[in-house]
Structure formats: structure tokens, C-alpha cells
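S.K.: Sharing a structure below in C-alpha cells format, with a few things to ask.
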Amino acid sequence: MTLTRTRAARVGDTASLSTPGTPRQPATPPAPPTTRLAAHHLRLGYGRETVVADLSLDIPDAGFTVIVGPNACGKSTLLKSLARTQAPQAGTVLLDGAPIGRMRSRAVSRQLAMLPQSPTAPDAITVRDLVGRGRFPHQTFLRQWSRDDETAVHAALSATNITALADRDMSELSGGQRQRAWIAMVLAQQTELVLLDEPTTFLDIAHQHDVLELCSRLHADGRTLVAVLHDLNQAARYATHLVVMKAGAIVAQGDPSTVLTAELVQEVFGLACVIIDDPETGTPLVVPKATPGSRPARSGFPPSA
Amino acid sequence: MSIVTLRAGSWLSVPVRPRSVAVAVSMLFGLLVTAVLSLTLGRLGLAPSEVIPALAGAATGRDAIVFDTLRGPRLAVGIAAGAAFGVAGTLFQTVTRNPLGSPDIIGLSAGASAGAAAFGLLWTGILPLPLGALVGAGVAMALVFLGTGRGFSSPSRMLLVGIGVSAMALAFVQFVIARVGREQATVLAAYLNGSLASRSWDHATTIWISLAVLLPCALALSRRLQLTEMGDEQADTLGAQSAAARILAVLVGMGLATAAVSVVGPVAFIALTAPQIARRLSRSPGPNTVLSALTGAALLALADLLVQQLPGDVQLPVGVLTACLGGIYLGYLLISHWKKGTLA
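In C-alpha cells:
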């Protein structure tokens, strides 16, 4: 049994993910996935500082795209520009072929939802009210609360399994429950595209798992998900399309099992590791190499008293 | 608290909180009682049976004078100015996401006073007083906008710069007092306390028209402002365009506060306290626009009733009373924020 993967698939080196010698290449390549959301030659930054120089990316429809990369590589900035909350310094984001910056705000909000990294819950707001705020793009001054709104909130609460908490105050909830409520708010927006900026941050491991399972279910329901994640192993497990960024550029993208290699992790994160198969899912699992001498080597025998 | 939705066909559906409605009805009732007492108490008071004829314009003799020149305009101005302060306060507090961020504190009232002083006494004849106050308020808000370095998007900077601008505006007012003659200075000093004494129906018309125009604007904005409570990024992804909503809210708030300041002077702390009282009573998030208006109106009318009926003929300006009571509340607010570590 081989434990390490050495298949190289680097977008920078090869135009497509299929290197010439790769076996099991289908005779006729499948039709290229259509894409509703795409970035063309984006330059992103804050003031004079440029975080992303020239980046293009197609988000595969109905996929679960996960963006990973070291801190400050520009992944959150990229997500913000995709969600139109940060205007690019150059380049365009296209939604259904139209430049997103020139579309009407609410029209975009009916197509695309984003959960920022740390949204603030207003004081004294119940879960139901918070989720209801996701309906704003569908409402008008006179029609502030239609039956559609009612149905959407109900569905969002039950999809995230927090119907029982609907009348509780947000401040009474645990971190994991609160994150579910925020995700429910995004769902109530009823958009096909859902962007999530580090949805697992500040959660313990069980709640991280819980949130990602929820995301995976939402993806299975037909939504296009884009998430920024920190944990490579979680990214590899849930992503259908993995985008690896370093210093404002995309280093590799594609199916996690082909993209995630020990060389790539070494190059992007500067971490020496081996990649094994996740015993549960068969997806790549990054195991950092032990630094020799940093801790006593374990023998297979019980330690002597 | 559950929400009931009012529906009419498919074109109208508005969610209503029963608790907010109950609070609004009680507030309205309180306001009504205060109004009747304002008209009837004291030596010059109308007989209770004369209140309705007076309102219908059928009062005669002494009652007509009391209603038309003394208490009627005073009450009408007080109610509308209180409402305007209340709405301005809730707009600013929502924009700054801070209960301290009211027009009193971020320099708006002081700027309006400075404008009123400048155009009313120093450069007379250029602008009518309300417009002069608007210019002063506009200059103050422009200074705050520029002084923060990032417009109205940083609540804590807005507060800090506002306190500085407020001090500058008050210094300018002192300068005006020093320049003008003693009699004018006395009038100005009285105005700067904020007073409802000897208001005319002209004052009432000014403030009621301002309120009629700007209150609907505030209502239309309040849902977008409500979303900015969740942070700009979240509000923007929901299509609320937070930066534009904030600027509009500041403009509407400025209009309301200035209109109120130009008719009653910078009555302290109504704008600071009314939205907070409304929010605590309704236990509902968001700007609570209507309730803040009612609370502001009731507070100012009640404060004015108290100063009118104080024993002895002191004739205290209403602004002195609200400053005393509001000062206590401000102290409480500062201490509780300091303890929570959320002082801006």
C-alpha cells in the first residue's frame, strides 16, 4: 500500500489538469463546466497596497469550491470581491456574464449570498428575526413580510436544524448554534450561489465538522458553494474543486485528490508532510512530518515504568 | 416576542410586534395626558371643558389668548421638536452603532447652535435663522466626516471627532456672545439652553412641516439601517448599500435635529435618551423609528410641563431640566459602557 501521493497537477505548469501520461483519461473530454460566477484579471488591494495582482477564476456551477492558502494570501479578499463587497482595483467579476459592479444591488443579492467571517448579531435579536433579515433583497417597503418570506425562513430554519431555537435570543446560543443561525440567514436569501468566509473559525472540532456536513448537504441540494477554509484536510474532504492560493495568485486548482500533493504543501505552506488516504473518505490527508529530535520517538512497546 | 403580519391583498404586508404596538399606544396616551395637563394646569390654565373647543378654534376671550399665544404653540412646538430629536437620535445611534452617538454628543446640536448664533446675531440678514442653523449643522457634520479620515464608517472615530467639533462650535458661540451687545447676548444665552417659552405658531409650522417631510424618509431608511447593525459586509451582501444608507441617514437626522434646534434651541439629551427608552421598552432591535418619535415627543412635552408648573415663578428653560436629568443618564451610560469595556 502506498501512503504518499506524488501525482503532480499544477495549474501553473500545465494548462489543464490532465498531464499527458495520466491514465484513465476519457477519450472525449467532458464538456467544460458552465460557470455563473467568474473573475477576470482581478487586481485587489486596500489603498495603495495590492494583495492580488492579476487573478482569474471560474467557479464551477453546482460545485463546492474551497479556497485554501496561507494567512494573508488574499483568499478572503478574493471572496469579498466575488461577493461584490470589495470593488476590484482592476478587472471584473462576472455574474451570468454581466459585470457584477454595474448590476443593481438587490438583483445581485437575489442571486448570490455571502456569510462574512465575523458578522455581528444585533442586540436582543431572536434567531427567527435574524434569519428573516436574509429576506431583505426580496422585500419592498410595502411588502415587508410576504408569505414567501415566511416559507423561506421556515425552510432555512429546518435545513439548519434550528427550528427549536427559533425564538431564542442569539446571545443565548452556543458558538455552533449561532453559526447555524447565520447560515440559515444566508439560506433564507434563497440564492443559488452561496459564499462562506471561514465558516468554521472559532468553533470546536465537533462543531466544525457539523458546519461542514451542513455545507456539504446544501451543496448536495444543488447550490453552488464557495468557502474559504483554513484546514487542508477538511478542504480536501469536502471540496469538489480545490483552489490553492499563495501570495495573491492561484497556484493550483482542481479535484482535491489530484491537486493536494506533498510538494504543493511544501511549496505553498512551507510544511514538510506526507499525504495519506483519509481512512474514512479516501480523500487526501495531510500529515506533517515529525521534526527529528523534537520529541522522543515512540516505540511500539509500552513505556517501562 | 412574536410578530403579527398586517396584510392587505398581495401588495401590502407589514410585520408588527404586538409589544411595540402596546408601548406605542401607552406612549401616545401618556403624551395625550401630558398635553391636556399642559393646557389646563396652573393659574392661566384652560378649564378642562374648554380644551376641545380651543382645539377646534372656538375659544374666546382669555382662553383664546392662553391657547393661541401662550400654551398652544408651545405645546405644538414641544411635541414636534421632541419627536424630531427622538428620530434624529435613533438615526445617529444606529449609524454609529453606539447609544452615545446622538446629535448632542457628536457636535450636531452645537454646530446648529453656532450657525443660529452666527446668522441670527453676527451676520444678520443673510439667511433666516433655521437655514443658518442648518448651515452650522452641515459644517459640523462635514468636519466630522472629514475628521474621521474614513467618513461615517467608523463609529468610535465619529464619536471622538464629534466631541472635538462640538467643543469648537461651543467656543464659536462664546465668541459670538463676546462680540454682540449685552441684550443680544442674554437672548442668545437663553436660546442656547433650549426653551419652549414664547414660541409662535410660525415655529410650530416650521417644525411640523420638517417632521412631515423627513419622518417618512427616516422610516424608508430604517430597514436598511437595521441591516447595517450586522456589519457593513453582511448588509452589503443583502443589497442594503450600507455606505449610502448611512450618508442618507445622517442627512435626514441632520435635517430633523436642525429643524428642532432652530425652533427650541439645543435642548439637551432628548435625542440621546428617547431612542434608548424606546428600545428598552419595546425590546426590539433596529431603529424603532416611530416609537423613538413618540418617546421624544412625550419626554419634551413632559419636561416642559414640569418646568411650567414648578412651584414659585422660576420659569426655568426646559433645556436646563433635560440637561439635569439627561446628565444623570449619560453618566450611567458612560459607566456601564466603561465596565463592559465597550466605551468607544
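For the protein sequence lines, the chains are A and B, in the order given. Positions in the first sequence are counted from 1; adding 471 to them yields my numbering. Positions in the second sequence are counted from 1; adding 4 to them yields my numbering. No residue lacks a Cβ here, since even glycine has one placed at the ideal position from N, Cα and C.
(1) Name the chain A residues whose beta carbon is nearer than 8 Å to that of Leu16 (chain B)?
(2) Taking the alpha-carbon positions, what's the Gly300 (chain B) to Arg575 (chain A) distance?
(3) Does any residue of chain B bring its CB to less than 8 Å from the CB of Ala584 (chain A)?
(4) Considering only their Cβ atoms, is the gap separating Ala92 (chain B) from Leu337 (chain B) smaller than 8 Å?
(5) What would DSSP say about Leu131 (chain B), mapped onto helix, strand or coil?
(6) May I ask you to report which of helix, strand or coil DSSP gives Cys686 (chain A)?
(7) According to DSSP, which residues form a beta bridge with Phe535 (chain A)?
(8) Which residues mark the beginning and the end of the alpha helix (DSSP H) in which Cys328 (chain B) is found?
(9) Under 8 Å, do Ala733 (chain A) and Ile746 (chain A) count as touching if we go by C-beta distance?
(10) Output needed for Pro107 (chain B): all residues of its chain with C-beta closer than 6 Å, excluding positions within five of it in sequence on either side, in chain order.
(11) Specify, as a first and last residue, the run of the alpha helix (DSSP H) that Ala743 (chain A) falls within.
(12) I need the DSSP call for Met234 (chain B), collapsed to helix, strand or coil.
(13) Taking the C-alpha atoms as reference points, what is the distance between Val758 (chain A) and Cys744 (chain A)?
(14) Using the rule of at least 16 other Cβ atoms within 10 Å of the residue's Cβ for burial, across every protein chain shown, is His712 (chain A) buried or exposed?
(15) Leaving out the 5 sequence neighbours to the left and right, which residues in its chain are closer than 6 Å to Leu583 (chain A) when beta-carbon positions are compared?
(16) Of all the CB atoms in chain A, is at least one closer than 8 Å to the CB of Thr100 (chain B)?
(17) Expressed to the nearest angstrom, what Euclidean distance is found between the alpha-carbon atoms of Trp342 (chain B) and Gln230 (chain B)?
(18) Can you tell me which of A:Leu565, A:Thr591 and A:Val682 puts its alpha carbon nearest to the alpha carbon of Val579 (chain A)?
(19) Distance cutoff 8 Å, beta carbons only. Does Glu233 (chain B) sit that close to anything in chain D?
(20) In whole angstroms, what is the alpha-carbon distance linking Leu74 (chain B) and Val99 (chain B)?
(21) Residue range of the beta strand (DSSP E) that Thr9 (chain B) falls in?
(22) Mapping DSSP to helix, strand and coil, what is Met162 (chain B)?
(23) Can you pull the chain B residues whose beta carbon is under 7 Å from the beta carbon of Asp594 (chain A), in chain order?
(24) Only counting the same chain, and skipping five residues up and downstream in sequence, which positions put a Cβ closer than 7 Å to that of Arg478 (chain A)?
(25) With a CB to CB cut of under 6 Å and the five nearest residues on each side skipped, what residues in its chain are close to Val682 (chain A)?
(26) Between the stretch 310-330 of chain B and the stretch 189-203 of chain B, are three or more C-beta pairs nearer than 8 Å?
(27) Flag this pair as touching only if the stretch 692-704 of chain A and the stretch 535-549 of chain A have three or more C-beta atom pairs under 8 Å; answer yes or no.
(28) By the three-class DSSP mapping on this structure, what secondary structure does Pro52 (chain B) have?
(29) Should Pro159 (chain B) be flagged as near chain A, meaning a C-beta pair shorter than 8 Å?
(30) Assuming Gln724 (chain A) is part of the beta strand (DSSP E), what are its boundary residues?
(31) Can Met172 (chain B) and Pro590 (chain A) be called in contact, C-beta distance under 8 Å?
(32) In angstroms, rounded to a whole number, what distance separates the CA positions of Ala118 (chain B) and Val177 (chain B)?
(33) Residues of the stretch 233-254 of chain B with a CB closer than 8 Å to any CB of chain A: list them in chain order, please.
(34) Measure from the C-beta of Arg604 (chain A) to each C-beta in chain B and report whether the shortest distance is under 8 Å.
(35) Name the DSSP beta bridge partners of Arg154 (chain B), please?
(36) With 8 Å set as the bound, which would you pick, yes or no: does the beta-carbon of Pro19 (chain B) sit closer than that to a beta-carbon of chain A?
M.R.: In this structure, then:
(1) Chain A residues near Leu16 (chain B): Leu613 and Arg614.
(2) Each residue's Cα considered, the two are about 37 Å apart.
(3) So yes, Ala584 (chain A) belongs to the interface.
(4) In this structure, Ala92 (chain B) does not lie closer than 8 Å to Leu337 (chain B) by Cβ.
(5) The answer is coil: DSSP assigns Leu131 (chain B) none of H, G, I, E or B.
(6) Correct three-state label for Cys686 (chain A): helix.
(7) Checking the DSSP bridge columns, you'll see Phe535 (chain A) partnered with A:Leu696.
(8) That run of the alpha helix (DSSP H) goes Val322 to Lys344.
(9) Going by C-beta atoms, Ala733 (chain A) is nearer than 8 Å to Ile746 (chain A).
(10) Here Pro107 (chain B) has Ala92, Phe96, Ser113, Ala261 and Ala275 as same chain residues with Cβ atoms under 6 Å from its own Cβ, once five neighbours each way along the sequence are excluded.
(11) Counting along the chain, no alpha helix (DSSP H) covers Ala743 (chain A), and no H or E run does either.
(12) In the structure shown, Met234 (chain B) sits in coil (DSSP, three-state: anything other than H, G, I, E or B).
(13) Roughly 5 Å between the two C-alpha positions.
(14) Label assigned to His712 (chain A): buried.
(15) Cβ within range, chain order: Thr662 and Leu664.
(16) Not a single C-beta of chain A is nearer than 8 Å to the C-beta of Thr100 (chain B).
(17) Each residue's Cα considered, the two are about 25 Å apart.
(18) Residue A:Leu565 is the option with its Cα nearest to Val579 (chain A).
(19) Absent here is chain D; the protein component of the structure consists of chains A and B.
(20) Looking at the two C-alpha atoms, the distance is approximately 38 Å.
(21) Here the beta strand (DSSP E) through Thr9 (chain B) covers Val8 to Ala12.
(22) If DSSP states are grouped into helix, strand and coil, Met162 (chain B) belongs with the helices.
(23) Ordered by position in chain B, the residues that pass the 7 Å Cβ test against Asp594 (chain A) are Pro289.
(24) Low per-residue confidence applies at Arg478 (chain A): pLDDT is 42, beneath 50, and the placement is therefore not dependable enough to give any value.
(25) Here the set comprises Gln650, Pro670 and Thr671.
(26) Judged by Cβ distances under 8 Å, the stretch 310-330 of chain B makes contact with the stretch 189-203 of chain B, as three or more pairs qualify.
(27) Enough Cβ pairs lie closer than 8 Å, so yes.
(28) Annotated three-state conformation of Pro52 (chain B) is helix, per DSSP.
(29) No - not a single Cβ of chain A is within 8 Å of the one on Pro159 (chain B).
(30) Ala720 to Gly725 is the span of the beta strand (DSSP E), which, as asked, contains Gln724 (chain A).
(31) No, the pair does not count as a contact, with Cβ atoms beyond the cut-off.
(32) Spanning the two alpha carbons is a distance of roughly 5 Å.
(33) Of all residues in the stretch 233-254 of chain B, those with a C-beta nearer than 8 Å to a C-beta of chain A are Glu233, Met234, Gly235, Asp236, Glu237, Gln238, Asp240, Thr241, Leu242, Gly243, Ala244 and Gln245, reading in chain order.
(34) Arg604 (chain A) counts as touching chain B.
(35) For Arg154 (chain B), DSSP records no beta bridge to any residue.
(36) Chain A, which has a Cβ nearer than 8 Å to the Cβ of Pro19 (chain B), makes this yes.
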